[in-house]
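Counted the way full-length UniProt numbering counts, the sequence shown spans residues 1 to 500.
Reviewing the structure listed below.
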Amino acid sequence: MSQQYYTLAEGCPFASSSTAVLLRNKTGGGLGLLQDTQLIETLAHFSRERIPERVVHAKAVGAYGEFEAVADCSDITSASFLNTAGKKTPLLLRVSTVGPEAGSADTSRDVHGWAMKLYTDEGNLDWVFNNTPVFFIRDPIKFPSMNRSHKRNPQTHLPDVNMFWDFHVGNPEGIHQLLHLFSDRGTPHSIRNINSYSGHTYKFTKEDSSFKYVKIHIKTQQGVKNLTREEATRIAGENPDYYIQDMFEAIERKDYPIWNVYVQIMDPSEAETYRWNIFDMTKVWPHKDFPLRQIGKLTLNRNPQNYFTDIEQAAFSPSTMVPGFAASADPVLQARLFAYPDAARYRLGVNYQQLPTNAAKVPIYCPFERDGKMRFDDNYGGDPNYVNSSLKPTKFYPEVKNVNPNSISLHTEHEKWAGEVSAYTSHITDDDFVQPAELWKVFGRQPGQQDRLVDNLASSIKGVKSSKLRGDVYALFGRVNRDLGAMVQKATEDAIKQSA
Ligand code: HEM
1 MSQQYYTLAE
11 GCPFASSSTA
21 VLLRNKTGGG
31 LGLLQDTQLI
41 ETLAHFSRER
51 IPERVVHAKA
61 VGAYGEFEAV
71 ADCSDITSAS
81 FLNTAGKKTP
91 LLLRVSTVGP
101 EAGSADTSRD
111 VHGWAMKLYT
121 DEGNLDWVFN
131 NTPVFFIRDP
141 IKFPSMNRSH
151 KRNPQTHLPD
161 VNMFWDFHVG
171 NPEGIHQLLH
181 LFSDRGTPHS
191 IRNINSYSGH
201 TYKFTKEDSS
211 FKYVKIHIKT
221 QQGVKNLTRE
231 EATRIAGENP
241 DYYIQDMFEA
251 IERKDYPIWN
261 VYVQIMDPSE
271 AETYRWNIFD
281 MTKVWPHKDF
291 PLRQIGKLTL
301 NRNPQNYFTD
311 IEQAAFSPST
321 MVPGFAASAD
331 PVLQARLFAY
341 PDAARYRLGV
351 NYQQLPTNAA
361 KVPIYCPFER
371 DGKMRFDDNY
381 GGDPNYVNSS
391 LKPTKFYPEV
401 KNVNPNSISL
411 HTEHEKWAGE
421 VSAYTSHITD
431 DDFVQPAELW
441 KVFGRQPGQQ
451 DRLVDNLASS
461 IKGVKSSKLR
471 GDVYALFGRV
481 NRDLGAMVQK
491 ATEDAIKQSA
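Below is the structure:
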């Protein structure tokens, strides 16, 4: 590299990077020529430097690190990265806000996405989680409307609290996550101070084709710390990239953040009779029913070398799973299994899995997927472009690993309980308000938290123009707890009177 000199992308050197090729006149002007390849290539590349930002989760902090299994977990999963205490697996983490654009302020009140790629020795495993244990919806078809209502008004191009609250009044199953979002947890102190949760139920599977249902919890060793609304607003103006800077500097000074990773474990037979629908991600499994068991810890210890190639080009998907880990019949999860690879094909191109940040660290043999734009490996050379050819016999995982083929087929008798194909729309019942009411009580144990929640809610709802819609929002919170509804109403209407 000591010999490195400036070239164009094809390696051809130039004596200067600032010399244009012109048909010059005597007054100091000049007409450009097509043969000025240096100028044309530089400008043409510049216009194409941006790729589409993610339609959601555009603004993020990213870093590399490692996952360490704290125990042999082979009693609950055959996942190789969990089969030996102390086994380490490299990882990439990208933590984002959901609604705001790539240039927005880190401390905007929002749910925070937690996308983690574990480069395991049996392929990649992506955990695409949030920092809240529940989600706004349980019917996947509502996902685009939910996000649009959280984004900009199509006419004014301004964030619109009328649409936001209109969506939530019409879809009250999101009340549980609304309470999280408008509590202090909606404005974390830093990414080092948040927890994250699978939200969905997943499966831990074993070679004997048995499985357990699990929910995953990732808890910060730095402690959960949050900002108040006022602090978050001030920082948004002073340093919109506050979280990115905080993480980068912590890793540079070797103050590596650490999280413990736990699972709640449920036997399929328990799922069949449990009080809560385990495929409804607006619900948690209370810890008193299913305590946490630690499976690992993770440490972030390396900053990206280049934000674009390491973080922006990263693509995560809940469908990226290794043997020992599987999806459940949660309808939102089922939709996500399709949506993420589809988004990546659009955003990054059909061969996005080959980008260095996405590439698995194990040999890949997928000769069904050939060619396409920007294929940059050997494209499986002369191998047939199908599998199981007698010209080039293909080996499969069960024979190489000497395990039962059923161990990676996930259909068991219990699936009959999970359901038959049918149209599905969920309905709101009083049950949807039971866990939010518990959460309101939990907030009551932290001094000031209930008041700050009410104040944060009022600061948003006061922007709703229609008094009818405001009344519906108070009624929504009143269904959680009558005092909460009354407090939100009073705080909001007082704030409106004061600003009138
Ligand atoms: C029907 C439900 C959902 C759909 C259709 C959906 C779709 C998407 C799409 C299209 C992206 C952008 C991906 C890209 O451009 O690379 C995304 C990002 C993301 N989603 Fe979802 N999502 C859903 C629900 C959820 C839930 C329930 C969670 C958390 C439990 C979640 C967490 C994330 C995270 C963390 C990212 C950012 C990924 C990254 O860093 O690249 N999403 N989602």
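From the three backbone atoms N, C-alpha and C, an ideal C-beta is built for every residue, glycine too.
These numbers were taken from a predicted model, which means no experiment stands behind them.
Count the C-beta pairs between the segment 278-293 and the segment 324-335 that are closer than 8 Å, then say yes if the count reaches three, no if not.
yes
So leucine 91 packs on glycine 62, CB below 8 Å; how close in whole Å?
The residue given as residue 91 occupies position 91 in the sequence shown. The residue given as residue 62 occupies position 62 in the sequence shown. Between glycine 62 and leucine 91 the Cβ distance is about 11 Å, and since that is not below 8 Å, they are no contact.
Please classify serine 47: is it buried, with 16 or more other beta-carbons within 10 angstroms of its beta-carbon, or exposed?
Indexing the sequence shown from 1 puts residue 47 at position 47. With fewer than 16 Cβ atoms within 10 Å of its Cβ, serine 47 is classed as exposed.
Run the CB neighbour count on phenylalanine 477, radius 10 Å, all protein chains shown included, and call it buried at 16 or more, exposed below.
Residue 477 sits at position 477 when you count from the first residue of the sequence shown. With 16 or more Cβ atoms within 10 Å of its Cβ, phenylalanine 477 is classed as buried.
Minimum C-alpha distance to valine 464 - residue among Val161, Ile76, Gly123 and Glu238
Taking the sequence shown and counting its residues from 1, one reaches residue 464 at position 464. Checking every option, the nearest Cα to that of valine 464 belongs to Val161.
In three-state DSSP terms, what is valine 434?
The count along the sequence shown starts at 1 and reaches residue 434 at position 434. It is helical.
Who are the Cβ neighbours of glutamine 435 in its own chain at under 7 Å, not counting the five residues just before and after it?
Counting from one through the sequence shown, the residue named residue 435 turns up at place 435. Here the set comprises His176, Lys283 and Val284.
Check whether the Cβ of aspartate 304 sits closer than 7 Å to any heavy atom of the ligand HEM, and report yes or no.
Here the question's residue 304 lines up with position 304 in the sequence shown. For the record, residue 304 in the displayed sequence is proline; it is not aspartate. No, the beta carbon of proline 304 sits no closer than 7 Å to any heavy atom of the ligand HEM.
Can you tell me the Cα-Cα spacing of isoleucine 265 and aspartate 208, whole angstroms?
Working through the sequence shown from its first residue, we reach residue 265 at position 265. Working through the sequence shown from its first residue, we reach residue 208 at position 208. If you draw a straight line from the Cα of isoleucine 265 to the Cα of aspartate 208, it is about 18 Å long.
Please indicate yes or no: does the CB of tryptophan 114 lie closer than 7 Å to some heavy atom of the ligand HEM?
Mapped onto the sequence shown, residue 114 falls at position 114. Yes, the ligand HEM has a heavy atom inside 7 Å of this Cβ.
Select from Asn171, Arg452 and Pro13 the residue whose C-alpha is nearest the C-alpha of residue 502.
No answer is possible for residue 502: it lies beyond the span of the chain, which begins at 1 and ends at 500.
Classify cysteine 73 as buried or exposed, calling it buried when 16 or more other Cβ atoms lie within 10 Å of its own Cβ.
Numbered from its first residue, the sequence shown carries residue 73 at position 73. So cysteine 73 counts as buried.
Quick check: does the Cβ of valine 323 come within less than 7 Å of any heavy atom belonging to the ligand HEM?
Position 323 of the sequence shown, counted from the start, is the residue given in the question as residue 323. Going by the sequence as given, residue 323 is proline instead of valine. No; taking the cut-off as 7 Å, the Cβ of proline 323 has no heavy atom of the ligand HEM nearer than that.
List, from N- to C-terminal side, the alpha helix (DSSP H) runs of 4 residues or more that fit wholly inside the segment 253-280.
268-273
For aspartate 371 and glutamine 354, which I take to be in contact (beta-carbon distance under 8 Å), what is that distance rounded to the nearest angstrom?
For this step, residue 371 is matched to residue 371 along the sequence shown. For this step, residue 354 is matched to residue 354 along the sequence shown. The pair is not a contact, with the Cβ atoms about 12 Å apart (cut-off 8 Å).
For a minimum of 4 consecutive residues, which ranges assigned as the alpha helix (DSSP H) are wholly contained in the segment 112-160?
143-150
Check each candidate in Gln449, Val421, Gly419 and Val480 and name the one with the smallest Cα separation from residue 569.
The structure shown has nothing for residue 569, since the chain only spans 1 to 500.
Is the beta carbon of isoleucine 311 sitting closer than 8 Å to the one on tyrosine 243?
Sequence index remark: in the sequence shown, residue 311 carries index 311 (1-based). Sequence index remark: in the sequence shown, residue 243 carries index 243 (1-based). Result no, Cβ atoms of isoleucine 311 and tyrosine 243 do not sit closer than 8 Å.
Considering alanine 327, what are the terminal residues of the beta strand (DSSP E) in which it resides?
On the sequence shown, residue 327 is found 327 positions in, with the first residue counted as 1. Start and end: 325-327.
Return the first residue and the last residue of the beta strand (DSSP E) that glutamate 68 is part of.
Position 68 of the sequence shown, counted from the start, is the residue given in the question as residue 68. Run containing glutamate 68: 60-69, per the beta strand (DSSP E) assignment.
Kindly indicate which residue of Ser499, Ala437 and Arg445 has the alpha-carbon position closest to the one of glycine 485.
Within the sequence shown, numbered from 1, the residue matching residue 485 stands at position 485. For glycine 485, the closest C-alpha among the options Ser499, Ala437 and Arg445 is that of Ala437.
Given that a residue counts as buried once 16 or more other Cβ atoms are within 10 Å of its Cβ, and exposed if not, what is threonine 19?
For this step, residue 19 is matched to residue 19 along the sequence shown. It is exposed - the Cβ of threonine 19 has fewer than 16 other Cβ atoms within 10 Å.
Assuming tyrosine 474 is part of the alpha helix (DSSP H), what are its boundary residues?
If you number the sequence shown from 1, residue 474 lands on position 474. First-last of the alpha helix (DSSP H) with tyrosine 474: 467-480.
Within 7 Å: the Cβ of serine 47 and any heavy atom of the ligand HEM?
Start at 1 with the first residue of the sequence shown, and residue 47 comes out as number 47. Every heavy atom of the ligand HEM is 7 Å or more from the Cβ of serine 47, so no.
Close beta carbons around alanine 58, own chain, < 6 Å, minus the five adjacent residues each side:
Position 58 of the sequence shown, counted from the start, is the residue given in the question as residue 58. Closer than 6 Å at the Cβ level, and outside the excluded window around alanine 58, lie Glu101 and Ala102.
How do the segment 378-385 and the segment 345-362 stand: do at least 3 beta-carbon pairs fall below 8 Å, yes or no?
no
Assigned secondary structure, lysine 441 (DSSP; H/G/I helix, E/B strand, else coil)
On the sequence shown, residue 441 is found 441 positions in, with the first residue counted as 1. Residue state, collapsed to three classes: helix.
Going by beta-carbon coordinates alone, are leucine 298 and tryptophan 259 separated by less than 8 Å?
Working through the sequence shown from its first residue, we reach residue 298 at position 298. Working through the sequence shown from its first residue, we reach residue 259 at position 259. Here leucine 298 is near tryptophan 259, since their CB atoms are less than 8 Å apart.
Rounded separation between proline 159 and isoleucine 137 - CA only
Your numbering for residue 159 matches position 159 in the sequence shown. Your numbering for residue 137 matches position 137 in the sequence shown. Going by the C-alpha atoms only, they are around 21 Å apart.
Under a Cβ-count criterion, where at least 16 other Cβ atoms within 10 Å of its own Cβ denotes burial, should threonine 7 be classed as buried or exposed?
As a first step, residue 7 must be located in the sequence shown, where it is residue number 7. Exposed, because fewer than 16 other Cβ atoms sit within 10 Å of the Cβ of threonine 7.
Whole-number beta carbon distance between asparagine 147 and glycine 86, since they are thought to touch under 8 Å
For the purposes of this step, residue 86 is taken as the residue at position 86 of the sequence shown. For the purposes of this step, residue 147 is taken as the residue at position 147 of the sequence shown. At roughly 41 Å, the Cβ-Cβ gap does not stay under 8 Å, so glycine 86 and asparagine 147 are not in contact.
Quick one: is glutamate 230 buried, meaning 16 or more other Cβ sit within 10 Å of its Cβ, or exposed?
Locating residue 230 in the sequence shown gives position 230, where the first residue counts as 1. So glutamate 230 ends up on the exposed side.
Looking only at its chain, what residues have a beta carbon closer than 6 Å to the beta carbon of glycine 186, apart from the 5 residues adjacent to it on each side?
The sequence position of residue 186 within the sequence shown is 186, counting from 1. Only Arg109 meet the Cβ criterion.
Near proline 405, what residues of its chain come up, given a Cβ to Cβ distance below 6 Å and the 5 sequence neighbours on each side ignored?
Translated into positions along the sequence shown, residue 405 becomes position 405. Same-chain partners within the cutoff: Pro398.
Using 8 Å as the Cβ pair cut-off and three pairs as the minimum, do the segment 127-144 and the segment 192-201 touch?
With a cut-off of 8 Å, the segment 192-201 and the segment 127-144 count as touching, because enough Cβ pairs lie within range.
Can you tell me whether threonine 425 is buried or exposed? The criterion is at least 16 other CB atoms within 10 Å of its CB, across all chains shown.
Reading the sequence shown from its first residue, position 425 is the one you call residue 425. It is exposed - the Cβ of threonine 425 has fewer than 16 other Cβ atoms within 10 Å.
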